[in-house]
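Start counting the sequence shown at 1; every next residue gets the next number (my numbering). Here is the structure we will look at.
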Amino acid sequence: MSEALALNAVTKRFGGFAALEDVDFRIRRGEVHALLGENGAGKSTLMNVACGLYAPDEGTLAFDGAPVALSGTREAVDRGVGMVHQHFKLVPAFSVLDNIKLFNPGRPTAEIAEQARTFATRMGFELDLNARAGALPVAEQQRLEILKVLVAGAKIVILDEPTAVLAPQEGLALMELIRSLADDGAAVVLVTHKLHEALNHSDRITVLRQGRVIAETTPERMDPARLTTLIVGEQIVEQPQPSETIGERLLWMNNVELPGTAGRKGLTGLDFEVRAGEIYGFAGVAGNGQSELADVLSGLAAPTGGTVWYDGHNITRNDARQRRRDGFAVIPVDRYRYGLASRIGVADNFAVSGVLAGRYGSWLRVDRARARADAKTAIGDFDVQGVRSMGQRAGLLSGGNAQKLVIAREFQGETRVVLAHSPSRGLDVRAGAAVHDRLREARDAGAAVILISEDLDEILLLSDRIGVLSDGRLAGEFTAPVTRAEIGEAMVSHGDH
Ligand SMILES: Nc1ncnc2c1ncn2[C@@H]1O[C@H](COP(=O)(O)OP(=O)(O)O)[C@@H](O)[C@H]1O
Ligand SMILES: [Mg+2]
């Protein structure tokens, strides 16, 4: 297969820090090339060099074997590079068509619309060109991002952690789409830290660790254990660790109802209780009340029926701020949307929940020095990497480190109830295991932990008890240890009536 783009001996520094050192990376036509590495390994930086966003400090780029010094992203687009960034770059208020036009300036609208429809059909989905981009579900926004670069003539398609924001079944559909692009002759780069995506859906694998290429290999020569060892430099295998002391019930719900949005059913009479020192996992297919449950628990939405109890008090109407004062810690599913403000600094992000909980004085006179000092300590304790100053924008942190920052912040003060919604989604193996450790530690210190996750492996690994959520209520309840099959059966059998 011919080489569409080669990066030769690329080094890229930020200040004195080398994010990439002497990296070789080749992208071939007709191939899906998986780029693997832990959070912060340099994957996005390398791809930002490939798409002309960053100029390398050392090293060269060659298109079809000819050296080229890219002047910027526009030139890269002209040379056929299409980059779909980790955080989408759509204009939410614009229509689908206008977003595609914006990326393809100076071309007739009719031609663009026609091409967009053709690609959509070939990729096997329906496309409403007039829909507002911001109103589309995440998976469709992502398809739009891909479509946008294809219409611009991309022959080298780079997807930066495309499945981090997708549910498992959406991820699978995307893998099929990527394969069809390669079959059509495109050179595809799949940036990921999920082993199975690289092993099952790529032709070639490059592993980055701390800015250096550790291996270039193929799926045939790898298995999960070997690949993990390459990625993290050691083997990480998590084992279930059941709770040793389960106490009194701490949080419970009676017949809670909350209508869903976006065509989902919501909660339709949910009953459950979580005890101190227990991890209660909610398993289930996405869209069966998970988001609504998270909103009710975190105090973002008040239920339309039923009651929520905490330590003997009716807290149904309490808002998020009161919940924090009661010792609730919330790890939301979308950490950029609800967890962190990407434009403000690390220390200020950190201070937010402390201010809400009344730890740093009043709103008008926040004790910033103390918040900063606490932030510094917690960032060390929780091993948040990539923080070079307390004022650095949170948006510059890699996904795993952003998640660790949210957790460090949420676990300040006394934690009595933890809500964790897909806490390891988008994290690499090591960061995911670290998050799981924190949840177990909170439990072992006597907190009631509620875990909502579509990742059944995560549920089975962590939970002391498991409730299967279906159509907005419990379709079954199990005490660990329990098998995948038993839970799977409860998910399915309930759906029949
Ligand atoms: N614009 C930037 N300024 C300073 N540091 C950066 C910038 N972009 C990335 N980094 C740092 O470079 C390292 C690699 O980051 P990145 O390429 O985003 O990793 P990955 O995509 O593999 O998670 C990290 O330590 C990150 O904090
Ligand atoms: Mg990245």
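The beta-carbon is built from N, C-alpha and C at its ideal position, and this holds for glycine as well. Quick caveat: nothing in here was measured; it's all calculated off a predicted structure.
| Item | Value |
| --- | --- |
| Pull the bridge partners of TYR280 from the DSSP assignment, please. | ILE450 and ARG465 |
| Fully enclosed by the stretch 187-269, which beta strand (DSSP E) runs are 3 residues long or longer? | 187-192, 204-209, 212-217 and 249-259 |
| Please enumerate, following chain order, all residues with a beta carbon closer than 6 Å to at least one heavy atom belonging to ligand 1. | PHE14, ALA19, GLY37, ASN39, GLY40, ALA41, GLY42, LYS43, SER44, THR45, GLY386, LEU396 and SER398 |
| Is any heavy atom in ligand 2 found nearer than 6 Å to the beta carbon of GLN86? | yes |
| Please confirm whether LEU68 and ALA152 have their CB atoms less than 7 Å apart. | Leu is not the amino acid found at residue 68; the sequence shown has Val there. No. Outside cutoff. |
| When you compare only the Cα positions, how much space is there between VAL346 and PHE17? | 19 Å |
| Could you check where the beta strand (DSSP E) with ILE156 kicks off and where it finishes? | 156-160 |
| Closest to LEU53 by CA distance: which of ALA375, LYS12, PHE63 and ALA173 is it? | LYS12 |
| Which residues mark the beginning and the end of the beta strand (DSSP E) in which GLY432 is found? | Taken as a continuous stretch (DSSP letters only), GLY432 belongs to no beta strand (DSSP E), being part of the alpha helix (DSSP H) at 429-444. |
| Where do the N-terminal and C-terminal ends of the alpha helix (DSSP H) with ILE112 fall, by residue? | 109-123 |
| Apart from the five residues on each side of it in sequence, which residues of its chain come closer than 6 Å, Cβ to Cβ, to ALA378? | ALA408 |
| Taking the alpha helix (DSSP H) that ASN349 falls in, what are its first and last residues? | 346-356 |
| What are the boundary residues of the beta strand (DSSP E) that includes ASP24? | 17-28 |
| My output table needs one value for PRO423: the three-state DSSP class, helix, strand or coil. | coil |
| How big is the Cα-Cα spacing for ILE487 and ALA55? | 50 Å |
| Would ARG29 and ALA187 be called neighbours here (beta carbons separated by less than 7 Å)? | yes |
| Touch check for the stretch 396-408 and the stretch 204-211: three-plus C-beta pairs under 8 Å? | no |
| Three or more C-beta pairs closer than 8 Å, one from the stretch 256-267 and one from the stretch 440-452: is that the case here? | no |
| How about ALA357 and ARG317: do their beta carbons lie closer than 7 Å? | no |
| By how many angstroms is the C-alpha of GLY82 removed from the C-alpha of LEU505? | Beyond the ends of the chain as shown, which are 1 and 497, falls residue 505; an answer cannot be given. |
| Do you know how far the Cα of ALA139 is from the Cα of LEU174? | 9 Å |
| Quick one: residues in its chain with C-beta nearer than 6 Å to the C-beta of GLY446, no 5 flanking neighbours on either side, listed in chain order? | ALA276 and GLY277 |
| Give the secondary structure of ILE164 by DSSP, where H, G and I count as helix, E and B as strand, and everything else as coil. | According to the sequence shown, residue 164 is Ala rather than Ile. Correct three-state label for ALA164: coil. |
| When DSSP builds the beta bridges, which residues end up paired with THR307? | ASN254 |
| For ILE450 and PHE63, what's the separation of their Cα atoms in angstroms? | 51 Å |
| Please go through the same chain and pick out, in chain order, the residues whose beta-carbon is closer than 7 Å to the beta-carbon of GLY233, but skip the five residues on each side of it. | ARG209 |
| Here's the rule: buried if 16 or more other CB atoms are within 10 angstroms of the residue's CB, otherwise exposed. What is THR304? | exposed |
| By Cβ distance below 6 Å, which residues in the same chain neighbour GLU292 in space, the five residues on each side in sequence not counted? | LEU258, GLY260, GLY266 and LEU267 |
| Can you give me the C-alpha to C-alpha distance between ASP496 and ALA490, rounded to a whole angstrom? | The predicted model places ASP496 with a pLDDT of 42, which falls under 50 and marks its position as unreliable; any figure quoted below should be read in that light. About 11 Å. |
| Taking DSSP as the reference, what is the three-state secondary structure of LYS89? | coil |
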